[in-house]
Each structure stands twice: as C-alpha cells, then as structure tokens.
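Protein chains in written order, with my numbering: chain A, 41 to 676; chain B, 5 to 559; chain C, 360 to 659.
C-beta atoms are modelled at their ideal positions from N, C-alpha and C, and glycine is treated no differently.
Quantities reported herein were computed from a predicted structural model and do not represent experimental measurements.
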Amino acid sequence: MSADIYGNLLTAMAVLLLSAIVVPFFSDNRKLAGWLNFALVAIAGIILLNISYASIFGDESSVFDLGFLSLTGMMDMSNIAISIGSFKLFMLLDSFSAFFIGLIIFMAIMSAFYSMQYMEHYPDYSMKPFYVNFPLFICGMIGLVTLDDLSVGFTIAWQMMTISSYFLVKFEFKKAENVKSANKYLILMELAWLLVVVGGFLIKGAGLGDSVHELTYKLGETGPVMTYFVFGLILLGFAFKAAIFPFGQMWLPDAHSIAPSPISALLSGVMIKTGIYGIIRTFFWMVPHTEGAHFNGTFWGVVIATFGVVTLFIGTVQSMKQSDIKRLLAYSSIGQIGYIVLAVGSSLVMFHSESEFVKLMGLIAIVGAIYHVLNHAIFKGLLFLSAGSVLYATGTKDMNKLGGLLKVMPISGIIAGIASLSIAGVPPFSGFASKWTIISTNLLAGSEVLFLVVFGIIALFTSAVTLSCYVKFFGLTYTASGAEWNIKKEIKEVPGTMIAPKAVLTILCIVQGLIPFFYYTTIIDIFSKSQGSIFYHTFRTFDFSKYLDTTAMGVSLTGMSGIATSVAVPVVMVVVFAVAFLIAWALKNSAGSTERKADTWLCGYQDLHNLTRYKESNMFSALKSFLWWTGGNVKK
Amino acid sequence: MKALEQLKDTLKSKFGGNIIKFESPLEDRLFVDVKKEGVKGVCKELFTQGGRYLVGIGYDNTKRDNTLGMIHTFAFDKDSTVICVRAWVPENDPVMDSITPDVPNAGWSEREYMDLLGMKFTGHPKPKRLVLSDDWPEGIHPLRKEVPYNLVPPPAENVAYQMDECPEGCSVVPVGPFHPSLHEPNHWSIFVDGETIKGCDYRGFMTHRGIEKLCTTQVSYNEVPFIAERICGICGSVHATAYAQCVEMVADLKISRRAEFIRTIMLEIERLHSHLLWLGVAGHLIGFDTVFMQSWRIREDIMWLCEKWTGNRKTYGMIVVGGVRRDITPELKDDMLRVLKKVEEECIVVHKAIIGDTTIHKRTKGVGYMTHEEAVQWSIVGPPARARGVDIDVRRDHPYAAYDAVKFDVPVVDTNDVWGTVVVRILEIFEAIKIVRQALDQLPEGKIITEMDDVIQSQRHAISHVEAPRGESVHYVISGDENRADRWRVRAPTYPNLQGVPTMLLNDQFADFPIILGSIDPCFSCTDRVQVVDIKSGKVNVMNQRDLERMSRRA
Amino acid sequence: MEAVYIIVNLLVFLGLAPLFEGIIRKITAKVQSRQGPPIYQPYMDIFKLLGKTTINSADNWGFKFAPMMAFASIVSVIAFFPLANKANYLTQYADIITIIYLLTLGGIAVLLGALSSKNTYAMIGASREMITMIMVEPVLAMTLIMGAVKMKSLGIDITMFSINSVGYGWSVALMLVVYLAALQAFVGRPPFDISEAEIEILEGPFIEYSGPNYALFKYYMMLKQMFYAALFVMVFIPFLNTGIYIVNLAVQIVEIGVVFGFISLIGSTNARLRIDQAIKFYSVLIVLALCAVGLSVYGI
C-alpha cells in the first residue's frame with residue numbers, strides 16, 4: 041500500500057477527532073450541530089471510502105491526492121508504523137481491513153444523517169456527549185481494524201471505541217436501568233480487552249507494541265499449552281465483543297436496546313463485527329506456520345463453529361421471545377453473528393481438510409462469512425433505524441402496544457418489510473444470498489464431515505426461526521392492530537431526512553441480494569490481495585472460474601467432477617416469481633369480483649378492541665414454552 | 005327416613021328461632037319454611053351435611069302477602085330425599101342474604117331473581133346481570149305478576165354488558181354467539197395467555213324468551229308438556245316428564261304402571277339418541293369428523309324408530325300429565341328389539357375404536373380437569389360429575405317412573421377429565437339398552453293415561469327431577485288458580501354444569517375450549533328456556549333429500 | 360424446447376390439484392359412510408369464489424397482497440420442479456435451498472394475510488402456522504439434504520433423483536417413514552390441521568378472507584399439497600422410471616393419487632392434535648430425520 045493511503049487514513053481520523061472537539065461547542069443549536077457532525081463525518085467518510093475502494097479493487101491511482109492535508113509525514117513507511125520517538129505503532133491496511141473500514145464509515149454516514157432528525161426527540165438531553173463521542177466511536181473502530189498489534193495500538197483503539205460507545209449507550213442517563221446496562225457493557229468490554237491483551241502477552245517473548253507479524257513469528261516458538269491459552273484467551277476476548285453465546289447475552293441486548301437507534305444501528309451493524317474481524321485476523325492471519333508450531337486449525341475450527349451454531353440457535357430463539365422491538369433486534373444480532381461465526385469456524389475446519397472438495401467449500405464459506413458481515417451490517421442497521429422511526433413516531437418500542445402502523449407510515453412500513461425479508465433470508469433479498477452460501481457450503485462439506493451437515497441443518501432450521509421473529513416484528517408493528525388504542529399522540533410518517541438513509545440501505549438490501557456474483561468476486565479479490573493469511577496462496581492460485589459460475593449475475597458452484605452442485609440466481613427467481621404473480625393477479629381479477637368494506641368479525645358480540653386483539657406476548661406461546669430452556673425471556 | 009328426622013333435629017336445635025315450620029307432603033320431600041334471616045345458616049348447614057344444591061326458585065307472592073319468595077332446594081342422594089328451604093322477603097324491601105359464598109352453585113339462581121324479580125342478595129360475589137338482555141331497561145322485572153307476558157320494551161343502543169376484567173398480560177378471545185363450537189348462541193370471553201386459558205367470563209341467556217312466564221299466564225296444565233318438550237331439542241321428553249310428575253304430585257295423581265314403563269322406555273331411547281349425538285359432536289369438537297359421522301349414522305336407526313313410534317324424529321309429544329300418548333304395540337316391540345340389537349353391535353365397535361385411538365386419548369385425557377371435591381362443591385351433575393367420581397344418578401337415587409323395577413349399573417370413573425365423560429357416556433349407552441330391554445320384557449298391561457278428575461288445589465308445591473342424558477333436570481311447580489301453575493321453574497342440567505366450566509377451563513389450552521365446554525353437553529336453550537319460531541314467512545316448503553343435495557352443490 | 364416442460368408442469372399442477380382435493384373429499388366421505396360431494400367440487404368452489412364479492416375488513420395492502428404472494432410462490436416452486444423425472448429449463452437456476460425458501464415464502468404470505476386481517480382468530484392461526492412451519496420445514500429440508508449429502512450436490516434434480524443413482528438404504532427407509540409422518544403436517548390435514556382448526560379458530564388465518572382472495576388461498580393450499588405428494592413420489596418412488604416422458608408423467612400422476620389416498624385415510628382416522636402436542640411430535644421427527652441424514656453421510 042502506498043504512503044498516500046496511510047496518510048489519507050490518518051487525515052480522515054484526524055477529521056473525526058476534530059469533529060469530536062469542534063461540534064460539541066455548537067451543541068445547543070441542535071440543527072447546526074447535527075449538520076456539522078454529519079458534514080465532518082461525511083468528509084472523513086469520503087476519504088475513507090476512497091481508501092477502501094482503492095484497496096479493495098487494487099486501483100491505487102484513484103486515491104485522492106490530499107496534498108499537504110495528507111498526514112503522510114507521520115508514517116514511517118519502511119515499517120508501516122506511526123513513529124513516536126523510538127516507539128512504533130504498527131499499522132496494517134490491506135484489502136481485508138479496507139473492507140471493514142468501508143463498512144464502518146458507510147454505516148457511520150448513514151447513522152449521522154439519520155441522527156440529525158432523530159435526536160430531536162430527546163429534548164430533555166444535552167447533545168454534547170453525543171457529538172463528542174460519535175466521531176470518537178467511529179475513529180476507534182477504524183483504528184481497531186487498522187492498528188496492527190495486540191498491545192498498545194490495540195488498547196488505544198479499543199478503549200476509544202469502548203469508552204465513547206459507553207457514553208453513547210448511556211445517552212439517556214436519567215433512566216437508572218440504562219446506566220446500569222451501560223456500566224455492565226463497559227465492564228464486560230474491559231474484561232474482553234484484558235483477555236485479548238493478556239492473550240497477546242502470553243506469547244513467548246512478546247513485547248509492548250509488537251506487530252502481529254512479529255507475534256505470529258514468536259507464536260511459532262511458544263509451547264503447545266501456551267499456544268492453546270493464547271488462542272483461547274484471544275478468542276474469548278473477541279467472543280465478548282462479537283457477542284457470541286453465552287457472552288453476548290450478558291451485555292448486548294441491554295446495551296443495544298437502550299442506546300439511541302442510530303447508535304444501535306452502529307453497535308449491531310458494525311461494532312460487533314470488529315469482534316469478527318479480530319477472530320478472522322487471529323485464526324487466519326496470526327497463525328504460526330513454522331515447523332513445530334502448535335496450531336491445530338481443525339480443533340479451533342470446530343470450537344469456533346460450535347460456538348457459532350450454538351450462538352445462532354440460542355440467539356435467534358431468544359429473539360423470538362422478545363416483546364421489545366429493539367431487544368428483538370439485539371438478540372437477533374447475536375443470532376446473525378452466529379451465522380458468521382459458524383461460517384468462519386467451518387471454513388477453518390474445511391480448509392484444514394484433506395479433501396479438495398471440502399477445501400473448496402472452505403474457501404466459499406469464508407466468502408459467505410464476509411458477505412454476511414456486509415449484509416448484516418446493512419439490514420440490521422436498517423432495522424434499527426426502522427425501530428428508531430417507530431420509536432420516533434409512536435414513543436414506544438413495545439410490540440404489545442403497537443400494530444397497524446402500515447397505514448400511517450407506509451414508506452417506513454415497506455422499508456421495514458424489505459429489511460425483514462432480507463434478514464429472514466427470503467430470496468431475492470440480500471440475506472438469502474449470504475445465508476445460502478453459509479448453509480450450502482456446510483451441507484455440501486457435510487457429505488464428508490458429518491457434524492458440518494448437522495450444523496448446516498441447524499442453521500437452516502434457525503433461519504425459519506429468524507423468519508418467525510421478523511414475521512412477528514413486521515406483523516405486529518406494521519400490520520395487525522393496536523397502535524390506535526395505545527398511542528395517545530397522532531402517528532405520522534417520519535420526516536424525509538430519516539427516510540433517506542433508510543431508502544439507501546433498502547436499495548442496498550435488494551442490490552446485494554440480486555447480484556451475488558459481484559460480491560463473491562469482490563470478496564475473493566479481497567482475500568487474494570490480503571497477504572499473510574493461511575489461505576492467501578490458495579486464493580491467489582485457485583482458479584475459481586472453474587468452479588464458480590455466473591449465470592444472470594447469480595452464483596453457481598460447480599463441483600469437482602463437473603456436476604452442478606449449488607446455484608443461487610436471484611434474478612431468475614425474481615422473474616419467475618413476477619410471472620407467477622401476474623398469473624395470480626389475472627386469476628384474481630378474472631371474474632370481475634367487486635369489493636366491499638366490513639368490520640373485523642369476532643363472532644358477533646364483542647368488537648375488535650384493545651383487549652380482544654391478540655398481543656405479542658401471546659404469539660408462538662407453544663413454541664416459546666417448548667424452547668423455554670434457551671432462556672432470554674427476561675423482561676425488565 | 006331416619007336420616008331425615010336427624011337432619012330435622014339438627015336444624016331445629018341450631019336454627020330453632022328462625023324456622024317457621026316443616027312440611028312433608030310426600031315421604032321423600034321436606035319443605036322447611038324459614039325466616040329470611042335464617043336462610044344463609046340453614047342452607048350452609050344442609051350443604052355441609054352433604055346436600056347437593058339443585059336450584060333456587062324465586063316467585064312473586066305479592067298478591068297474597070306482599071312478599072317475594074325464594075326457595076333453595078337440596079338433594080340428599082343417599083337418603084333419596086329433596087329438601088326445599090322456603091323463605092319470603094317483603095316486596096318493598098326484597099333483600100336476603102346470599103348463600104353463594106357457601107354454595108357456589110346458587111350464584112346463577114340468585115342472579116336470575118335479581119334480574120327477573122328485582123330481589124337483592126347481600127354478599128353475592130358477582131351481582132351482575134345474568135338473564136336479561138343488555139338493553140333491557142332497569143326496573144322492569146319480567147317475572148313480577150304485574151308485568152305482561154308480551155311486554156316488549158324499546159331497544160336501546162350503546163348498552164353493553166361489562167365483561168369481567170381480563171388478568172394482566174392476557175388477551176381476550178371472544179367466542180360466540182356465532183362460533184362453530186357453540187351450537188347455540190351465547191358468548192364467552194376467554195382470557196388467554198398465549199394459548200393457555202387463564203380465566204373466562206360468560207354472557208349467555210341470549211335467547212331467553214320466558215317459557216316459564218308464558219306457561220304461567222297463557223296456557224293450562226295439560227298444554228304445558230308440549231311446550232316443556234320444546235325447551236330442549238335433545239332431551240325434550242325429560243322436561244315433559246319432570247313437569248308431568250310435578251303436576252301429578254300437586255294433584256296427588258297416581259298414573260298407571262304401564263304408562264310409567266312406557267315413560268321409562270321413552271326416556272331411555274331418548275338417552276340413546278342423545279349419547280350418540282353427543283359422541284359425534286365430541287368427535288367433531290376435537291376434529292375427528294369420522295366419529296361424528298359414524299355415530300350419527302348409528303343414531304339414525306333410533307330416529308327412525310322414534311318416527312315410527314311417535315310420528316316424529318324428535319320432540320315426540322309422548323308425555324302428558326297423567327300418562328303417555330302412545331302405546332307400544334307388539335310389532336313396535338319387535339322393531340325396538342331389532343334396532344337395539346343393531347345399535348348395540350355397532351356401539352361395541354365404536355367403543356373399541358375410541359378406547360384404542362391414541363389421538364382421542366391425547367385430546368381428552370387430563371383435559372378439563374376438575375377434582376372430585378370441586379365437582380361436589382359446584383354441584384356438577386350427570387356424566388361430567390360421574391367422570392369425577394361423584395356417584396349420583398337420579399334414576400337410582402330417587403327412582404321415578406319404572407326405574408325401581410329395572411336393574412342397571414351407574415358407570416362412575418375418577419379420571420376427573422373429559423376422557424372420563426366420554427367413557428361414562430359410552431357405557432351408559434349399553435346400560436340404556438339394558439333398561440329398555442328389561443322394561444319391554446316386564447311391560448305390564450293397563451291403560452296408558454289416567455284422567456284427572458279433581459281441580460288442583462292452589463299453592464301446593466312440588467319438585468321433581470329426572471335424569472336427562474346430560475345430567476339432572478329439575479322442575480318445580482307451585483300450583484295456582486285458573487287451571488294453570490302459579491310458578492313453574494325449570495332447571496336444566498347445563499345450568500349447574502355451565503357454572504363449573506370456568507374451573508374446568510383454567511390452565512387448559514384454548515384448543516381444548518370446544519371439547520371442555522362440549523363435555524358437559526351444554527344445552528343453552530334449556531338453560532335459557534327459549535324457543536325459536538320462524539314467523540317471517542308462513543309458507544311451508546318441504547324439500548326432499550335430492551333437493552337439498554342439489555342446493556348444496558349449485559349454490 | 361425445454362421451456363415446454365415448464366408449461367406442462369404448470370398445466371398438470373394447476374389442472375389436477377383441485378381434482379386431487381376432490382379425491383380426498385370423496386375418500387373421506389366414504390370412510391365416514393357419506394355420499395360426499397362430486398369429485399369436481401373443488402373446481403366449482405374455486406370458480407364460485409372467484410366471482411364472489413371480496414370483503415375487505417383489513418384496509419391495508421398486506422391483506423390484498425398476501426393471497427397473490429402465496430399463489431405466486433407455490434407456482435414458482437412448481438416451475439422449478441422436475442416433474443416426471445425431467446429437469447426443465449429453469450431447474451438448473453435454482454437449488455434445494457431456494458426451493459425450501461420459496462416454499463417458506465408461501466407460508467409467509469399466509470402469515471402476512473393473517474396478521475394484516477387483524478382478526479384475533481387469524482392471529483392465533485398465524486401463531487400456530489408459524490410454529491408448524493418452523494417445526495416441519497427441517498423435515499422437508501432434511502429429506503432433500505439427504506440426497507444432497509449422497510450426491511454432494513444441492514441441484515434440484517440431482518438431489519431429488521439421488522435414490523436412482525445410489526439406491527435404497529436404511530437412511531432412505533427411515534426418511535421415508537419420517538416424511539410420511541410429516542406429510543399430514545405439510546399439507547395441513549388432520550391430525551395436524553391445527554392452524555386452521557375450523558372448530559376452535561374458524562379456519563384461522565383465512566377467517567377474514569372471501570371471494571377471489573380466498574380462492575387464491577384455497578388454490579394455493581391445493582397446489583401445496585399436490586407438490587408435497589409429488590415430492591414424495593419423486594424422491595422415494597424412483598423405480599418406475601421408464602425414460603419416456605409421457606409414461607413417466609402418467610405413472611407419477613397415478614402415484615400422486617395413491618399418496619393422496621394415504622393422506623385422506625390418515626386424515627379421516629385421527630383427531631386433531633393440539634399445537635403443544637404436535638410440537639413434541641415434530642421434534643421427534645426432526646431427531647429421526649437427523650439420524651437419517653447422519654446415516655446417509657456414512658453411506659448406510
């Protein structure tokens with residue numbers, strides 16, 4: 041990577057820091073502060089997106105020339121580090137981190153734009169802490185995916201991210217339980233930090249500020265037991281961050297549900313993905329490959345995949361039990377992280393397999409994992425923004441009180457519907473393509489490794505549970521009935537400034553679902569450009585075109601002996617469905633039936649009213665009690 | 005009647021001051037007249053002594069002494085006795101202690117007279133409207149003598165009965181009046197948490213039209229049996245018999261033995277059809293339509309038999325005061341025996357099929373659970389009671405008609421659930437067949453109707469109860485002038501059983517609601533005492549089977 | 360030319376689904392000693408409903424959209440289906456995961472309609488329908504996955520015809536039993552017609568539907584049950600494959616008819632279970648199906 045890229049990166053981070061200092065002074069003028077915050081985030085964002093684009097697509101000529109504004113001077117390009125005296129803060133910006141940078145900053149821009157209007161409904165709270173911490177939070181996350189050590193740089197970035205997000209989570213500090221949840225969040229994140237840092241120091245001869253590359257080398261000389269400890273502790277630390285069961289349940293639902301919605305969108309959409317980033321970096325990059333190194337890829341793969349499958353099942357089932365929209369989304373984040381972790385773990389297992397077929401599946405699986413990271417960031421961010429819109433318009437996020445919003449908030453309703461379909465994995469929306477990748481690789485590899493097929497089946501089963509969560513979310517919030525009796529104020533569609541970012545994300549949900557092949561090739565590109573990973577060479581040398589076909593922008597995997605093994609062509613599905621829908625429409629109108637309105641019929645004595653409607657707490661009760669052992673139904 | 009004497013002594017010693025007098029017109033009937041202050045104590049004592057609450061009878065006595073009367077009746081099944089506690093309150097201050105806190109089943113009886121007579125019962129746990137419709141104006145009490153039988157008050161809008169409060173976190177599922185599991189109109193508010201029932205409220209009497217008022221103002225003793233029969237479409241003869249027996253008691257009329265035997269045969273054949281009908285309905289209620297269709301097919305032979313005997317498939321018009329209307333000819337006897345044989349064979353098959361069917365077991369066992377103690381407390385009657393180990397059967401305990409001459413078993417099980425009810429009712433089919441065979445065998449010669457010569461004295465009280473297929477029907481008659489009763493009270497078996505249903509429903513699944521309610525074989529029209537007459541068009545259009553099939557296909 | 364097979368698929372399914380429904384009604388009637396409606400009654404039902412007034416009690420677009428969505432989803436599935444052992448032009452563009460998700464889409468449409476209609480009974484029905492979907496979908500998935508594991512492929516035709524190439528085994532036999540046990544739940548027949556349960560929740564999700572909307576839902580249900588019967592024939596009865604398309608088609612239609620006979624016999628000789636009981640039953644099925652998949656991984 042060229043010096044310009046690192047320079048621009050530092051410039052963008054500086055802009056964010058500047059925003060944290062300047063904007064709070066204007067916080068009394070809420071409108072101005074909102075725009076200012078957005079503008080500065082957007083400026084940083086443009087620079088970062090440019091870096092991201094350049095790194096992912098290898099088009100270094102397109103990097104902006106910021107001239108003197110580029111902080112190239114701070115970089116010691118021979119070591120790729122920031123030199124502070126003799127001390128070096130190592131950085132690493134390859135395609136893989138560029139992907140995360142792009143994701144983080146894109147969601148940050150959306151969130152900042154959305155916040156401008158959204159934060160208006162907190163008239164009782166000063167905006168100062170928000171505008172201090174929002175850019176810091178972004179900056180911390182960007183730092184985390186670019187700083188390349190497990191001690192000093194890691195600590196700086198982690199703490200910046202954690203502490204600023206702590207204040208953002210605690211935004212509504214006048215509610216005692218919010219403060220309690222935020223404190224819990226802070227403590228657990230510090231514990232996670234400690235685990236990772238201690239893990240790093242257990243490496244034989246690890247020093248302060250060693251780059252990951254050096255650590256990898258030293259790891260090769262660490263004893264077997266210690267190696268297990270190192271990986272175990274780091275995995276545990278990132279497991280806390282990524283909200284893997286049972287660690288995620290300790291903080292995520294509380295923290296994500298109380299934070300302001302645009303912050304929740306960032307927390308669930310991107311922050312927990314930094315945990316995934318950490319896990320992938322640790323288990324695919326920080327792997328000693330010298331003779332006599334003690335790294336058992338299959339073992340760790342099984343561990344991670346097991347964590348993943350348990351997380352996705354438990355998290356999703358717990359999500360199904362929630363009445364609070366944001367808690368439902370938060371638990372569902374745990375479930376979706378489970379899919380990603382499963383894909384990461386099973387990819388590790390598959391990659392260490394002997395069979396060529398399974399190895400290929402391993403490559404596809406990690407592509408699926410990253411694809412799902414992207415998709416989940418988009419649709420979960422969108423869902424949290426949708427939940428924010430509901431909260432903004434009605435003042436509640438309790439599904440027992442909501443219902444029938446589709447009529448008063450049609451645009452938000454349709455957007456929430458598309459987001460729900462996406463996360464539920466319904467073709468042709470984005471969740472389908474990535475979940476399809478994860479599940480199909482597991483199933484196919486399962487023909488040789490039994491437990492993978494079981495994991496795949498659980499994942500498939502769970503996607504039906506996910507569906508139930510979102511049928512409930514959409515059904516009981518936007519259709520059905522209830523808001524007309526429980527919401528005292530007049531419900532209106534949210535303003536355009538709140539709809540705009542949601543609309544952008546909605547379009548992405550559809551695009552990401554319709555053309556999976558583009559994302560496949562991009563992600564494969566990312567891996568084949570990011571040096572140092574265990575499958576760097578495989579990705580570079582592997583001829584994907586032999587096995588990965590594109591038909592109408594869809595993906596089809598072709599097996600080793602030339603049999604078509606698996607295909608996902610959303611465009612074809614859309615066309616077929618559209619034709620079928622036309623048939624249905626024609627059939628419906630074939631006899632010229634007329635329409636008349638009537639009241640809801642409830643056997644003739646009582647009308648539909650607030651008591652006779654079927655509330656959220658009643659939905660799926662039999663299944664909830666059948667799955668009581670998964671817990672997670674604790675209501676405050 | 006030693007036990008009765010003992011009871012008298014106890015009451016005398018405990019409530020001596022409040023008891024006005026004892027009266028025993030028949031050896032198994034005891035009327036205790038008490039002051040209104042003593043009602044609560046006496047009733048509590050009788051209930052704790054093992055008396056089973058039958059019904060409360062309120063009546064307007066203002067013409068005679070400006071009072072309103074209230075009679076609480078208790079059955080002592082072991083002693084074959086019925087005790088009636090009579091009390092009166094002044095018309096201008098019609099307040100009496102409620103016995104409902106001690107005798108829960110009296111709840112509806114007392115509420116009924118709050119509505120119909122304007123009485124007040126202090127300490128009633130739920131003094132809400134029961135019988136009168138939502139828009140019936142306050143202050144008009146239809147059973148008062150001064151209110152004309154055909155009074156139609158103007159309808160009102162926006163008046164609704166306030167259903168009970170739904171527990172926190174529950175939703176209300178409104179069931180009825182038009183709902184497939186309810187074959188007659190009434191309304192339930194089921195409070196569900198998820199699908200688990202956490203409580204309910206009942207609003208019935210939607211078709212109450214006042215048969216009692218009609219029959220005490222417009223018709224004479226001899227016409228009532230035909231109206232009584234129309235109280236219920238299933239167990240009409242039961243009501244007619246119970247009424248006729250009451251009138252025979254107040255008239256001191258002894259009917260012929262042959263008539264008693266024919267009444268027995270009629271009642272048992274009615275029981276056969278009713279049990280088969282219920283079995284079918286129960287099958288339908290748990291989604292097992294094959295049971296429904298098959299048991300109704302078996303029932304069809306009985307319907308045919310009845311048509312041959314009485315001219316009608318249902319509502320036979322057989323029972324009159326003083327006897328029965330149609331005799332049993334030898335040819336009919338042969339038909340009966342043949343049909344019984346066929347029905348018995350087919351019922352054995354059905355019985356085996358049901359006992360062996362796992363899905364029926366799953367849907368009925370442990371469903372509608374109510375303990376023996378609760379069943380006694382709520383004075384549940386009939387098969388639901390016998391399914392909960394309550395060994396009562398009016399036919400055996402208080403023999404009437406010719407039941408003293410036949411031998412039969414009373415099946416009692418103690419599963420305390422719907423399954424027990426199913427078993428009891430199936431076994432009773434075989435017992436009913438047994439009884440009819442014995443009765444046909446022993447059928448004595450004689451006339452079938454006994455004429456009544458004397459005028460019936462006014463103000464005589466009689467209570468009679470008959471074991472209907474679904475429980476015990478109680479009729480109470482106070483004789484009056486002008487050749488008609490001054491007060492006639494009908495209590496169908498559903499009346500007490502329905503009050504126990506909320507207990508059975510508690511903590512069961514909503515999906516079980518139909519079968520739990522169905523298990524008591526609710527007959528809302530009996531309870532409401534109504535009759536539906538289509539008067540829109542006078543035209544009678546007879547359709548044959550082919551017409552009906554054609555209609556259902558090309559609608 | 361392969362596009363012709365898509366048309367044939369649609370014609371066969373759209374044309375025969377009501378007939379098979381009629382067969383079910385007729386057989387049920389015979390079991391119940393009834394005459395029963397004529398075998399063409401379901402066609403008449405659909406025609407009649409199409410011309411009736413639509414009663415709209417929900418007043419939102421979800422309510423109107425849902426029936427068409429349900430119908431379209433099942434028609435899409437059928438378009439991909441390799442009827443008569445013949446993969447058509449579209450088959451290559453989808454795999455079994457797509458099929459499963461498309462079938463789920465139909466379920467979602469029913470739920471959307473139910474929830475949009477606001478009716479309490481519809482909501483109870485929706486709740487039950489969703490539970491049923493969650494619990495029986497894995498059985499369907501695993502039936503197909505078993506083939507996938509054997510063939511190392513998720514292709515629709517390859518998976519469905521796996522028995523042709525690898526033959527019967529204990530795993531297939533076990534899966535066959537599980538599929539048959541789940542079949543009543545797939546098609547919503549007793550003892551698993553829980554989500555419609557006419558007697559308690561009055562056809563549940565469809566309570567507010569009438570006219571053409573209801574016609575579409577009814578047609579959807581018929582097509583769905585025919586699809587599940589055809590899938591059974593396709594996966595588990597591969598023996599009569601002659602290689603001649605027309606013969607295959609005829610044979611399979613007869614076989615589907617036999618499966619329908621089975622459905623109606625089971626349906627008319629069982630009481631409806633409760634949802635809590637059904638869940639337990641389904642979970643046993645899931646475990647058994649998992650075993651079958653496990654066995655098939657080891658080639659048993």
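Residue interval of the beta strand (DSSP E) (run including residue i)
i: H469 (chain B); result: 465 to 472
i: T77 (chain B); result: 71 to 80
i: P94 (chain B); result: 85 to 94
i: G60 (chain B); result: 56 to 65
i: V489 (chain A); result: Per DSSP, V489 (chain A) belongs to no beta strand (DSSP E) and is neither H nor E.
i: E476 (chain B); result: 475 to 483
Residue i classed as buried or exposed, judged by whether at least 16 other C-beta atoms fall within 10 angstroms
i: Y154 (chain A); result: buried
i: L370 (chain C); result: exposed
i: N316 (chain B); result: exposed
i: L15 (chain B); result: buried
i: A52 (chain A); result: buried
i: I365 (chain A); result: buried
i: T77 (chain B); result: buried
i: Y502 (chain C); result: What sits at residue 502 (chain C) in the sequence shown is Thr, not Tyr. With 16 or more Cβ atoms within 10 Å of its Cβ, T502 (chain C) is classed as buried.
Distance between beta carbons of residue j and residue i, contact taken as under 8 Å
i: A323 (chain A); j: I344 (chain A); result: Note on identity: in this sequence residue 323 (chain A) is Phe, with Ala being the wrong assignment. Going by Cβ atoms, the distance from F323 (chain A) to I344 (chain A) rounds to 7 Å, so yes, they are a contact pair.
i: L409 (chain C); j: A631 (chain A); result: 4 Å
Residue i in three-state terms, based on DSSP
i: I259 (chain B); result: coil
i: K124 (chain B); result: strand
i: L423 (chain A); result: helix
i: S665 (chain A); result: helix
i: C219 (chain B); result: helix
For residue i, the first and last residue of its enclosing alpha helix (DSSP H)
i: N218 (chain A); result: 216 to 241
i: N77 (chain A); result: 70 to 97
i: S521 (chain C); result: 521 to 525
i: C650 (chain C); result: 634 to 656
i: K407 (chain C); result: 400 to 410
i: P377 (chain C); result: 362 to 390
i: V295 (chain B); result: 293 to 314
i: S475 (chain C); result: 455 to 475
i: N173 (chain A); result: 168 to 186
Near the ligand SAM: residue i beta-carbon under 7 Å from a heavy atom
i: A248 (chain B); result: No copy of the ligand SAM occurs in the structure displayed, which carries no ligand at all.
8 Å Cβ cutoff, residue i in contact with chain F
i: E471 (chain B); result: Of the chains in the structure shown, none is chain F; the protein chains are A, B and C.
C-beta contact flag for residue i and residue j at 8 Å
i: R474 (chain B); j: G372 (chain B); result: no
i: T506 (chain A); j: I539 (chain A); result: no
i: A405 (chain A); j: P610 (chain A); result: no
i: R301 (chain B); j: S623 (chain C); result: no
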